[in-house]
Amino acid sequence: MRCKYSYCKTAGIEAEYCVNMLDVFKDKILSLLKRRDYQPIKPKQFAKALGVEQQDYAEFKKAFDELREAGQVVIGSGNAVQLPAMTSKITGRFRANPKGFGFIIPLQSNANGDLFVPASNTAGAMTGDIVEASAVRQGMRDGKIRYTGRVTNILERANDRFVGTLMKGEAGWYVQPDGNGFTEQITVDDVTAKGAKAKDKVVVEILSYPSERHLARGVILKVLGRAGQYEAEIASVIEQFRLPGEFEQDCISQAKKAAENFKPDLATEILSHRGHREHREKEYDRISSDAGREDITGKIVITIDPADAKDFDDAISIERDANGNRLLGVHIADVSSFVTTGSALDVEGKERGNSTYLPGRVIPMLPEVLSNGICSLQPGQKRYCKSAYIGYDDDGKVISRRYANSVMCSAARLTYTDADRILKGHTKDFSAEVVTLIKEMETLAKIIEARREKAGMLHLDLPETELIYDDAGRVVDAEPADTSYPHTIIEMFMVEANEAVASLIDRLKIPFLRRIHPEPNELGLKELGRLLKTVGLSLPSKAGRAEIQNVLDAVRGRDAEYAVNMFVLRSFEKAEYSPMDMGHYALASRQYCHFTSPIRRYADLTVHRILDGYLHGDEEVKVTKGELAEIGKHITFTEERAEDAERELKTVLLLQMLSGRIGDEMDTVVTGVTSFGVFVRCRKFGVEGLIPLEQLGPDEWRFNQKAYCVTGAGSGYTIGLGQKMRVRIVSVNVPARQLNLEPAKPLVEKPRPRKSKAKKQFPRKKRGSKRRR
C-alpha cells in the first residue's frame, strides 16, 4: 500500500487523498484488533502485521494516533496495542437469535467483543435496532472477563416493514417473517381488508413493537401472492432487500428520447442518396468522421454471453498489426453517450448502483430501451462503443495500447456453449471468419492467462449452480454452472481492458473509481495456515500469492477443494470500489478499475466519462476523490445487496424443491463444524444444510475448535472439513432458510450394553492340605 503524493497536482486534492488514506488505515487497524485470534503486540509489530510499508508508516502512525485520541485504541500492559475494555454502558446494533436471546455489536469496538443479552433482557429489541444497554460483569472465561447485557433503550428501529407468510393460529392471525433476521410472529387484524388468505406472502408494517409480554402487532400493506409460487417469492425478496422497482417517468422519457434520436445507421441513410457507390462510401466516411467515431463496422467483431443474456455490453476483435503482433480489440457499449452527468437517468443509475440478476428476473440499472436496446451490442446492429486496443508480443507482453470512440456492428452473437463447440471442432453452423476469430481468441487468452498466473494472479474455484425450471416456472432440479474455457477467454480479455484503462487514467493523474482488493494481513494468513492444517496442508508464515496458489492447485479435484477455496476467500478482505490506489491483490494488478460493463454497473459509467474526456482532449478533474469515495461506498453496498438477494432467492427456490424430497439422500462435503452441528454442502444443488450433533450418531460428540473438527468421545470417530458424507433430508424450513439433515448411514455403531461378568467360584483350599500331601 503506497501513498503516491504525485498522484494529485493540487494541494487540495493531495490533502483530501491523505484524509482518505487515514480512513483506510483506521479501518484496517480496527479490523485487525477485532479478530478473535489477535494477541496484543507493540505498535511497530502491529504495523508489520498489517503489511505497512516503510514509506507509509507516517500515515499509519497518524491514523493510529487519531484512533487513540478518540479512545478507540489503547496501549495496554507491555506497551501492546489493544481495544479498550467494555464499559458499563454501551451503544450498539442488536442481533436477535431464534431462541430468544441476542447480542449487541458495539458501535465502538472493545476488547470483550459482542455483548450477550439474555432473552429476558432484550426489551423487545429486533435485529438491526440501535440500542443502549448496561453491561454487568459475570466472572472470567478463557482469561477474559465475561459480561451480560440488558437493553435499556431502543434508540433507532432498523425496520418497520417485514415480509412473511400469513398464518391462522388458535389466538388469531399472524405473520411468520422470512429469513432469520427477525423470527418472532407478528400478530395482525382485519386480514380481509387486503383480501389476504392463509399461506399468502404479505408485506406487514409494524404498529407496535414486541415487548416481554406481547408479540409485535402489525397491519398488512400488500399481498404478494401464494407462498411457494415463483412470482410471490421473487416479490418477497425484492421487498425484503429493498430492491428498486419501476423507473420514474422522467427516466423513461429521457431513455425514449435518446432512443428516438439515435441514428447510427449512417450507411442506410447514405444508400438512399442518389449517385455512384464511390460517392456513397465517401459520404459515409465523411459523416462517420464528423461523428468523431472510428468506423469499425467492417471488422469481424463478436459477443459471447450466457444463453439467457439480453444485454450485450462487451465485444471482441483480434487482428494482426504490421509486425505480425496480435492486436486485441475490446469494444464496450458506450452508455455515457446516452446518460449525461446529473440527468434523471444518471441520478437513478447512481442510486441503483448496478443491475440485479435474480433467478429468472433482472432488475436493470437503466431502462430496457437502453440496456436491452440501443446500448446493447446486438448482432447486425450499429452501436456506439468505446474501444480499447491492446497489442501483444508472442509472450503475451503488452507492447501497445490505444483507445477510441467507435461505431461497430456485431458479426455474431455467440453463447458460451457455441464458442465451446467451435473450440471442440463443431464448426458447421458458424462462418469461417467467426471460427478463425474464436480460435485466435483461445490462443491469445491462454498466453495472457499464463503470463498473469506467472505474475501471481490467483484462481479461486467456487462453483455456482444453475437452476432448472419446468414449464410452469417451478424449480425442479439444478446442475453445476458451465465452466468451459470460453468463460476464461472473456474473463482474461475483460481484465486486460480494465487494467489498460486504469493505467491510462492513472497516468493522467485524474481521480477515478478503482476496483481495489487489499492484500491479506499477517493474522489473516496465520489463521488461513491454521485452517489448512486441518485438511493436511501447510502454508509458509510469509506466504505470498504463489504459495496460496500452490495450495489451491493442490486441492483441485479433491473433496476438500470447496472448503479450502472458501478458507482462502474468507482470509481476504472484500474487493470494493474506491479512489484509493491500493491495487487488486487477487488479480496481481497494480492499477485496476471496472470499465467493461457500463450497462449494468455505475462504476464503469464513471470511468467511461473520464475516458471520453481524454478522447476529446478534456482532462479536467470533474469529481473529487471525496465525492468518488462516497459513490464507491454506496455502489459497493448495492453490489453486495444484489449478491445477497440473488443468493437468498436461489436458496428459497432450492429449499422449496427439496421440501418435496424429504427422505431423499444426497452426496455432500463438510464445509463447517461448530459446537452444535456440522454444516455440509450438497455437491449437486450447491445448498448448505446442518446436521445437528445429536443426529451424528449414538455418541458424545465434542467440538475441537483448534483442530476444527468434532469427535465422538466413545468411538473416536472424527468429522473434519472436506470430508465426504452421504446424508438424508430430514426436514426443510423454508421461512427460516434451514435444511436439516442426518447421515444416510450411522457413522458409529450403537454401543452394545455390557454384560455383567460373575466371578467364577472355586472351592477354597484347606489350610495345610498341601503340607499333608
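Position in the sequence shown counted from 1, then plus 199, gives you the numbering used here.
Yeah, the Cβ is synthetic: ideal placement off N, Cα and C, and Gly gets one too.
- Secondary-structure assignment with DSSP links Gln-375 through a beta bridge to Thr-364.
- Rounded to whole angstroms, the gap between the alpha carbons of Leu-940 and Lys-883 is 15 angstroms.
- DSSP lists His-783 as the bridge partner or partners of His-716.
- Arg-714 is positioned such that its CB atom lies closer than 8 angstroms to that of Cys-792.
- Linking Gly-911 to Trp-900 through their CA atoms gives a straight-line distance of about 4 angstroms.
- Note on Lys-849: 16 or more other CB atoms within 10 angstroms of its CB, so buried under the neighbour-count rule.
- Put simply, of Asp-617, Gln-790, Tyr-429, Glu-252 the residue whose alpha carbon is nearest the alpha carbon of Pro-710 is Gln-790.
- Counting only unbroken stretches of 4 or more residues, the alpha helix (DSSP H) elements lying wholly within the segment 791-838 are 801-814, in sequence order.
- Within the same chain, Val-754 come within 6 angstroms of Val-763 by CB-CB distance, once the 5 residues on both sides are set aside.
- For Ile-647, the enclosing alpha helix (DSSP H) covers residues 631-654.
- Under the criterion of beta carbons closer than 8 angstroms, Ile-747 and Leu-657 qualify as touching, at roughly 6 angstroms.
- Asp-681 is positioned such that its CB atom lies no closer than 8 angstroms to that of Val-675.
- Tyr-907 is not a Cβ neighbour of Ile-834, given a cutoff of 8 angstroms.
- The secondary-structure analysis by DSSP pairs Pro-891 across a beta bridge with Gly-876.
- Within its own chain, the residues whose Cβ lies closer than 7 angstroms to the Cβ of Asp-592, once the five positions on either side in sequence are excluded, are Asn-524, Ile-598, listed in chain order.
- In the three-state DSSP reduction, Arg-525 falls in the strand class (E or B).
- Between the alpha carbons of Leu-786 and Ala-844 lies a distance of about 26 angstroms.
- Per DSSP, the beta bridge partners of Val-931 are Leu-938.
- When the five nearest sequence neighbours on each side are left out, the beta carbons in the same chain lying within less than 7 angstroms of the beta carbon of Arg-601 are those of Tyr-588, in order along the chain.
- Taking the Cα of Gly-541 as reference, the smallest distance to any Cα among Val-700, Gln-453, Ala-610, Ser-586 is reached at Gln-453.
- Here Phe-771 is buried, its C-beta having at least 16 other C-beta atoms within 10 Å.
- For Thr-910, the enclosing beta strand (DSSP E) covers residues 908-911.
- Rounded to whole angstroms, the gap between the alpha carbons of Leu-526 and Arg-519 is 6 angstroms.
- Inter-segment contact for the segment 265-283 and the segment 236-245 is present: three or more beta-carbon pairs are separated by less than 8 angstroms.
- With contact defined as three or more Cβ pairs closer than 8 angstroms, the segment 363-378 and the segment 405-412 are not in contact.
- If only complete runs of 4 or more residues are kept, the segment 304-361 shows no alpha helix (DSSP H) anywhere.
- Look at the segment 507-563 and you find these whole runs of beta strand (DSSP E), each 3 residues long or longer: 513-519, 525-532, 555-557, 560-562.
- Collapsing the DSSP output to three states places Val-280 in a strand.
- For Ala-415, the uninterrupted beta strand (DSSP E) run begins and ends at 415-425, by DSSP.
- Between Gly-655 and Arg-744 a beta carbon distance of about 4 angstroms is seen, short of the 8 angstroms cut, so the two are scored as contacting.
- Sixteen is the threshold: since fewer than 16 other Cβ atoms of the shown chains lie within 10 Å of the Cβ of Phe-875, the residue is exposed.
- In the three-state scheme derived from DSSP, where H, G and I count as helix and E and B as strand, Glu-678 is classed as strand.
- With 16 or more other CB atoms across the displayed protein chains lying within 10 angstroms of its CB, His-716 is buried.
- Contact between Gly-595 and Ala-649 holds, with the beta-carbon distance rounding to 7 angstroms and staying under 8 angstroms.
- Contact between Val-606 and Arg-492 holds, since their C-beta atoms are separated by about 5 angstroms, short of 8 angstroms.
- Going by beta carbons, His-530 and Cys-574 fall outside the 8 angstroms limit.
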